[in-house]
Amino acid sequence: MNSYVPLGDPYILLSWLNMKLRDECKDLDQLCERYDLSEQTICDMVGAIGYVYEKQRNRFISKDADGE
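Put into structure tokens, the structure is as follows:
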């Protein structure tokens with residue numbers, strides 16, 4: 739398994755996270771465990787660009803869209 743995690747750019751990280759959540763992991767907990775990531779760090783990084791984890795959809799969405 740490729741363990742590369744693109745932490746340098748939050749937009750690329752966001753895309754990578756949503757791809758992994760869609761294709762490999764049942765939820766954010768599993769993704770963090772599989773790739774040895776801190777959930778808080780990940781949420782802070784994508785939160786800084788306006789995204790939050792939506793557990794029901796199992797993906798990061800725009801903070802503006804979480805009321806839909």
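Under the numbering used here, think of the first position of the sequence shown as 739, with each following residue one higher. We put the CB at the ideal spot given by N, CA and C, even for glycine. Quick caveat: nothing in here was measured; it's all calculated off a predicted structure.
Q: Return the chain-ordered list of same chain residues with a C-beta closer than 6 Å to the C-beta of Arg797, the five sequence neighbours on each side being excluded.
A: Asn756 and Leu759
Q. Does the distance from the C-beta atom of Leu766 to that of Val743 stay below 9 Å?
A. no
Q.
Could you give the first and the last residue of the continuous alpha helix (DSSP H) run that contains Ile780?
A. Glu777 to Gly785
Q | First through last residue of the beta strand (DSSP E) which encompasses Arg797 | A | Arg797 to Ser800
Q: Reducing DSSP to helix, strand and coil, say where Met739 ends up.
A: Low per-residue confidence applies at Met739: pLDDT is 47, beneath 50, and the placement is therefore not dependable, though the value from the model is reported in the following sentence. If DSSP states are grouped into helix, strand and coil, Met739 belongs with coil.
Q. Along the chain, where does the beta strand (DSSP E) that runs through Tyr789 open and close?
A. Tyr789 to Glu792
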